[in-house]
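Our numbering numbers the first residue of the sequence shown as 3 and each following residue consecutively. Where a beta carbon is used, it is the ideal one built from N, C-alpha and C, also for glycine. In this text, all values refer to a predicted model and were calculated from it rather than measured experimentally. Written out below as structure tokens is the structure these notes cover.
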Amino acid sequence: MTPEEGALVLTNDDVKEIVDLPGYIEALELTYRQLAEGLAQNMPRQRLFLPLAEPDTHHWFNLHAGSVPGTRTAALRVNSGLVRFETHFGAQRMEFPGALVGLVLLFDVGTGALLAIIHDFYINPIRVACTSALGVKYLARDDSRVMGLLGTGWQARWHLSALMEVRPFRRIQIYSPNPEHRARFVRQQQERFPAVEIQAVESEEQAVRGADVVVTATNALTPVLKGEWLAVGTHVVSISGGDRLDHRKEVDDETVARSSVVVVNSRLQVELDDQQDLLPVVTAGRLSLDRVIELGALVRGGLGRSRSPAEITFHFNNTGMGIQFAAVGTRMYEAALKRGVGTRLPYTWRGRAV
3 MTPEEGALVL TNDDVKEIVD LPGYIEALEL TYRQLAEGLA QNMPRQRLFL
53 PLAEPDTHHW FNLHAGSVPG TRTAALRVNS GLVRFETHFG AQRMEFPGAL
103 VGLVLLFDVG TGALLAIIHD FYINPIRVAC TSALGVKYLA RDDSRVMGLL
153 GTGWQARWHL SALMEVRPFR RIQIYSPNPE HRARFVRQQQ ERFPAVEIQA
203 VESEEQAVRG ADVVVTATNA LTPVLKGEWL AVGTHVVSIS GGDRLDHRKE
253 VDDETVARSS VVVVNSRLQV ELDDQQDLLP VVTAGRLSLD RVIELGALVR
303 GGLGRSRSPA EITFHFNNTG MGIQFAAVGT RMYEAALKRG VGTRLPYTWR
353 GRAV
């Protein structure tokens with residue numbers, strides 16, 4: 003790309019034609035290693051919640067920013083929408099009524115140029131799922147063949163796909179509280195993975211029992227996973243990543259306390275957002291935050307010891323990070339250039355230094 007060219011706009015329809023999960027996992031692995039080495043830079047996630055006249059409804063403004071030398075890019079992700087807290091099937095959940103606007107701005111760190119504007123309907127769940135898959139690559143037992151999946155939404159769909167890239171799962175046990183969603187999800191995923199046994203079960207516990215890897219991909223505000231259900235050697239993934247307004251908590255305290263290894267994307271975000279998946283266990287003295295490993299440190303140096311097959315491990319995929327959008331966004335941009343996908347803007351957004 004030359005400085006005279008405008009940014010490439012990638013719509014959701016464009017992005018779904020160029021998805022490359024193995025490539026994104028590889029890019030994230032490089033990115034988290036560089037973060038641990040002090041090369042990549044990431045700003046903590048920032049969220050603004052503006053109360054509106056309608057009860058329990060806020061305007062939600064969500065920001066992520068990060069720079070990655072390995073991809074020669076920086077990214078700013080921005081979301082704007084309404085958030086509301088509602089009760090479904092006996093559980094309170096955070097919902098997004100109406101339109102949710104999400105954009106990723108991708109910049110060239112060598113020139114400062116705006117390379118791309120990417121709609122984030124696909125890139126958002128993909129970067130979460132591929133980050134979870136990276137954790138599975140380093141923490142789950144090599145012989146993991148059964149996945150317990152709680153949730154049947156967009157995040158659950160991409161997690162199933164991404165985790166299949168790092169472990170050859172042979173059975174997927176799926177639960178969500180909505181029977182119709184469960185049945186539809188199983189039909190859809192069985193068509194995509196005909197060699198895998200994919201079954202709906204009747205409770206969270208049935209999904210977890212006998213699973214080697216358990217993924218909670220829900221928008222529940224209260225725990226859907228109890229630590230007492232976990233067998234030795236299980237790897238657990240939670241993507242709740244709450245904040246000071248949205249005190250989501252997908253796993254109970256016993257899950258964390260039973261885990262020999264606890265990994266987060268960012269320890270700082272745990273404290274900044276008062277994240278309830280970890281902090282109550284820390285406050286109770288059952289876990290020291292100093293013992294919590296960041297994903298970048300895990301990728302850079304592993305555990306520093308062999309993982310015992312009897313250990314329960316827990317990856318709290320606790321926050322979105324700008325570096326994730328830089329890593330995945332760059333791969334999408336490069337693929338779009340090769341495939342001739344996207345729309346080039348007729349202007350460059352370049353100003354003049356004052």
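Assigned exposure category for S290 - 16 Cβ within 10 Å defines buried: S290 comes out exposed.
Local conformation of N126 per DSSP, three classes: Of the three classes helix, strand and coil, the one that applies to N126 here is helix, per DSSP.
Short Cβ contact (7 Å threshold) for R173 with V330: If you check the CB distance, R173 and V330 do not come in under 7 Å.
Alpha-carbon spacing of K251 relative to Q277, whole angstroms: Straight-line Cα distance between these residues: approximately 8 Å.
Three-state class that DSSP yields for M3 in the structure shown: Note that M3 scores a pLDDT of 42, beneath 50, so its modelled location is shaky; the value from the coordinates is reported in the next line. Three-state DSSP puts M3 in coil, outside helix and strand.
Backbone CA spacing between N14 and T332 [nearest angstrom]: Separation of N14 and T332 (C-alpha to C-alpha, rounded to the nearest whole angstrom) is 15 Å.
Span of the beta strand (DSSP E) around E19: DSSP places E19 in no beta strand (DSSP E); its state is neither H nor E.
For A202, the residue or residues it bridges with in DSSP: Answer is I176, bridged to A202.
Own chain residues within Cβ distance below 7 Å of I20, not counting five before or after: Here the set comprises M334, A337, A338, R341, V343.
Own chain, CB closer than 6 Å to T218, minus 5 neighbours either side, in chain order: Counting only Cβ-Cβ distances below 6 Å, and skipping sequence neighbours, we find L152, V226, L227, S240, E252.
Residue from N267, V215, P53 with nearest C-alpha to L247: Answer by Cα proximity: P53.
Per-residue burial, F98 [other beta carbons within 10 Å of its own, 16 or more giving buried]: A residue is called buried once 16 or more other Cβ atoms fall within 10 Å of its Cβ, and F98, having fewer, is exposed.
Three CB pairs or more closer than 8 Å across the segment 36-55 and the segment 181-188: No, because fewer than three Cβ pairs between the segment 36-55 and the segment 181-188 fall closer than 8 Å, the two stretches do not touch.
Contact between the segment 70-80 and the segment 317-331 (3+ Cβ pairs under 8 Å): The count of Cβ pairs closer than 8 Å, one atom from the segment 70-80 and one from the segment 317-331, reaches three, so the stretches are in contact.
Sequence-distant residues of its chain with Cβ nearer than 8 Å to W156 (five each side left out): Contacts found: P127.
Host beta strand (DSSP E) of S240 (start-end): Under the DSSP assignment, S240 falls in the beta strand (DSSP E) whose first and last residues are 237-240.
Backbone secondary structure at M323 - three-state DSSP: Residue state, collapsed to three classes: coil.
Nearest-angstrom Cα separation, counted from Y34 out to T154: Cα to Cα, T154 sits roughly 28 Å from Y34.
Among K18, R47, F87, nearest to A222 - alpha-carbon criterion: Measuring C-alpha to C-alpha distances from A222 to each of K18, R47, F87 identifies F87 as the nearest.
Other residues of its chain near L2: CB distance less than 8 Å, five sequence neighbours each side excluded: Absent from the structure is residue 2, since the part of the chain shown begins at 3 and ends at 356.
First and last residue of the uninterrupted beta strand (DSSP E) at P53: It spans 43-53 - the beta strand (DSSP E) in which P53 sits, taken as one unbroken run.
Rounded straight-line distance, which links the Cα of V70 to that of P5: Reliability of the predicted coordinates at P5 is poor, the pLDDT of 43 falling under 50, and the value obtained from them is presented with this limitation in mind. Each residue's alpha carbon lies about 20 Å from the other.
Buried or exposed by the 16-neighbour rule on C-beta atoms within 10 Å, applied to R194: So R194 counts as exposed.
T59 - containing beta strand (DSSP E), residue span: Boundaries of the beta strand (DSSP E) harbouring T59: 59-70, taken from the DSSP string.
Cβ-based burial, Q271 [other Cβ within 10 Å; buried from 16]: Result: buried.
Coil, strand or helix - R211 by DSSP: Looking at R211 - three-state DSSP - the assignment turns out to be coil, as it is neither helix nor strand.
Extent of the continuous beta strand (DSSP E) to which H2 belongs: An answer regarding residue 2 cannot be provided, because it is not within the stretch 3 to 356 covered by the chain.
Cβ separation of S242 and D279, assumed to be a contact under 8 Å, to the nearest whole Å: At roughly 6 Å, the Cβ-Cβ gap stays under 8 Å, so S242 and D279 are in contact.
Rounded separation between L65 and D255 - CA only: C-alpha separation (whole angstroms): 29 Å.
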